[in-house]
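For the sequence shown, this note's numbering begins at 389 and goes up steadily by one. Right, one structure below, let's go through it.
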Amino acid sequence: MARKTVNVALIGQGFMGRAHSNAWTQVNRFFRPAATAVMHTACGRNRASLEDFAARWGWRNCSTNLRAVLRSDEIDLVDLCTPTAMHYAMVTDALAAGKNIACEKPLATKLDQARELVALARKAKAKTFVWYNYRRCPAVATAHQLVRAGRIGRIYHVRAVYLQDWAKPEIPLAWRFDRKLAGSGSHGDLNAHIIDMCRFVTGEEITEIAGAIAETFIKERAILTGDTTGGLSLGMKKGARKGKVTVDDAVLFLARFSGGAVASFEATRMATGYQNYHGFEIHGTKGAVRFKFERMNELEYYDATADRAVQGWTTIMCTHGGCHPYAEAWWPDAHVIGYEHAFTNQAYDILQVLGDKKPVVPLPNFADAYETQRVLEAAMISAAQKRPVKLAEVK
Ligand SMILES: NC(=O)c1ccc[n+]([C@@H]2O[C@H](COP(=O)([O-])OP(=O)(O)OC[C@H]3O[C@@H](n4cnc5c(N)ncnc54)[C@H](O)[C@@H]3O)[C@@H](O)[C@H]2O)c1
Numbered sequence: 389m390a391r392k393t394v395n396v397a398l399i400g401q402g403f404m405g406r407a408h409s410n411a412w413t414q415v416n417r418f419f420r421p422a423a424t425a426v427m428h429t430a431c432g433r434n435r436a437s438l439e440d441f442a443a444r445w446g447w448r449n450c451s452t453n454l455r456a457v458l459r460s461d462e463i464d465l466v467d468l469c470t471p472t473a474m475h476y477a478m479v480t481d482a483l484a485a486g487k488n489i490a491c492e493k494p495l496a497t498k499l500d501q502a503r504e505l506v507a508l509a510r511k512a513k514a515k516t517f518v519w520y521n522y523r524r525c526p527a528v529a530t531a532h533q534l535v536r537a538g539r540i541g542r543i544y545h546v547r548a549v550y551l552q553d554w555a556k557p558e559i560p561l562a563w564r565f566d567r568k569l570a571g572s573g574s575h576g577d578l579n580a581h582i583i584d585m586c587r588f589v590t591g592e593e594i595t596e597i598a599g600a601i602a603e604t605f606i607k608e609r610a611i612l613t614g615d616t617t618g619g620l621s622l623g624m625k626k627g628a629r630k631g632k633v634t635v636d637d638a639v640l641f642l643a644r645f646s647g648g649a650v651a652s653f654e655a656t657r658m659a660t661g662y663q664n665y666h667g668f669e670i671h672g673t674k675g676a677v678r679f680k681f682e683r684m685n686e687l688e689y690y691d692a693t694a695d696r697a698v699q700g701w702t703t704i705m706c707t708h709g710g711c712h713p714y715a716e717a718w719w720p721d722a723h724v725i726g727y728e729h730a731f732t733n734q735a736y737d738i739l740q741v742l743g744d745k746k747p748v749v750p751l752p753n754f755a756d757a758y759e760t761q762r763v764l765e766a767a768m769i770s771a772a773q774k775r776p777v778k779l780a781e782v783k
């Protein structure tokens, strides 16, 4: 019997536009999803670059008419890869047109908008997904399964960091430095990922922010000439004038989890020497797990129930098909995978859900991403007001 097909429309051709295009290109080849992705339309604003993009990545059509794409009867799934401030209006229009939506993270720039999108999606009975792609690194999915299987026991301590160093003073005032377009800086960009990963792996919710610090080190940056919403890699031109940076460069906070664990989170774009270092450590009564993205194929596991004489950290190569989620779709054991594979793994799970099957591990939908957004909001309130914030205050 022919499998169901899903016509995808991609909005945005920047960093994530490329990452998602690659995932849609690969997913039907490496997996046998319950529904097959059809790369129907790429939508953007510049016809010439869009045509080149569509041809290069294999999109069948391209369009600069966003409204027409969002309303087209031919589109089943809208995949949003635009700057965060644009998610709200695009999602609202797509939901009104009855589409399912895969939206980049964070869901919105403001908590009330995110809440509204959750309600609208529920009302529209849409299937929604948010690209918290790191859940689908096999090692992170394995950590989630170890915790669920009780191998870590009661969790005492969670430590997570996301460290980058690209926001040097000479970097211009791109959309990522503009609160109106991005919502926040390192916080929504980086903390969002580690909050999501720690919620996912522990299976617990954050109940309180005990304290937070937000800092903007570079207060002004050169204003861009021309389009300010393109990717940093698109060769943006700097003008002579400077404009104000309205987001954080770094946000650190302490938190409590629902099971009683204490936690620390750090996100920064100013950690000289770290280009894209992130990961977590989770310590419990029976054991611990440790993940760092720079060694993304590996999960470190400590079995505190083992004979004391042989206790120690074990490095698990999470590429073994049959043992580790998603691994058997790829290559033979220890033929390592990379950044882009987590997106393809997520595209597979999205297609499973659209084909009425279960994802391999839980997928973040709008309601789930809203919980991460609440934590982001609570930490920002805590930093601004210099006080602890209970999540119950942030609804
Ligand atoms: N999941 C992840 O790991 C990850 C990584 C990076 C970015 N993101 C998220 O992805 C989103 C996009 O980030 P990016 O890094 O790809 O940005 P980017 O600046 O590289 O690309 C943005 C794209 O959107 C296009 N665009 C802007 N306004 C548009 C409009 N009105 N209509 C159509 N297209 C428009 C731009 O031309 C560009 O092609 C953001 O929400 C960001 O937070 C997620």
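All C-beta atoms, glycine included, are put in the ideal place defined by N, C-alpha and C.
M478 has its alpha-carbon roughly 11 Å from the corresponding atom of C469. Ligand 1 never approaches I559 closely enough for any of its heavy atoms to be under 7 Å from the residue's Cβ.
DSSP lists no beta-bridge partner residue for H475. Note on geometry: alpha-carbon atoms of L499 and Q773 lie some 17 Å from one another. Every unbroken stretch of the alpha helix (DSSP H) spanning 4 or more residues and falling wholly within the stretch 436 to 524 is given here in chain order: 454 to 459, 475 to 484 and 499 to 512. When DSSP states are grouped into helix, strand and coil, Y714 belongs to the coil group. The Cβ-Cβ distance between C431 and L465 does not fall below 8 Å.
Counting along the chain, the unbroken beta strand (DSSP E) around K680 starts and ends at G675 to K680. The beta carbon of Y690 sits closer than 6 Å to the beta carbons of G675, A676 and W701 from its chain, once the five residues preceding and following it are set aside; these are given in chain order. Nearest to H532 by alpha-carbon distance, out of H723, K607, T424 and V749, is V749. Between Y665 and K680, the C-beta gap is smaller than 8 Å, which places the two residues in contact. In the three-state scheme derived from DSSP, where H, G and I count as helix and E and B as strand, R542 is classed as coil. T732 places its beta carbon 8 Å or farther from that of Q401. Bridge pairing for M768: absent [DSSP]. Taking a 10 Å sphere around the C-beta of R657, we find 16 or more other C-beta atoms and assign the residue as buried.
Judged by DSSP in its simplified three-state form, S652 adopts strand. Checking the DSSP bridge columns, you'll see A610 partnered with K630.
Here T452 is exposed, its C-beta having fewer than 16 other C-beta atoms within 10 Å.
Here V724 carries a coil assignment [DSSP, helix/strand/coil].
Taking C-beta separations shorter than 7 Å and ignoring five residues to either side along the sequence, the partners of A598 in its chain run L642, A643, R644 and P776, following chain order.
A straight-line Cα-Cα distance of about 32 Å links A730 and S770.
In the displayed model, W412 falls within a helix according to three-state DSSP.
By the neighbour-count criterion, in which a residue is buried when 16 or more other Cβ atoms sit within 10 angstroms of its Cβ, K783 is exposed. At least one heavy atom of ligand 1 lies less than 7 Å from the C-beta of M404. For Q740 and G591, the gap between their C-alpha atoms comes out near 22 Å. Taking all protein chains shown into account, E654 has 16 or more neighbouring C-beta atoms within 10 Å of its C-beta and is therefore buried.
Proximity of the stretch 567 to 576 to the stretch 631 to 640 meets the contact definition, three or more beta-carbon pairs being nearer than 8 Å.
For M585, the secondary structure class from DSSP, reduced to helix, strand or coil, is helix. Under the three-pair Cβ rule at 8 Å, the stretch 517 to 530 does not count as touching the stretch 547 to 567. Per the DSSP secondary-structure output, M705 pairs in a beta bridge with E686.
Between D461 and I399, the CB-CB gap reaches or exceeds 8 Å. Cβ-Cβ distances below 6 Å link W447 to M427 and A430 in the same chain, with the five nearest sequence neighbours on each side left out; the list follows chain order. Nearest to E603 by alpha-carbon distance, out of A659, L751 and A397, is A659. Straight across, the Cα-Cα distance linking K625 with H708 is about 46 Å.
Within the model, the alpha-carbon separation for R542 versus D756 is close to 23 Å.
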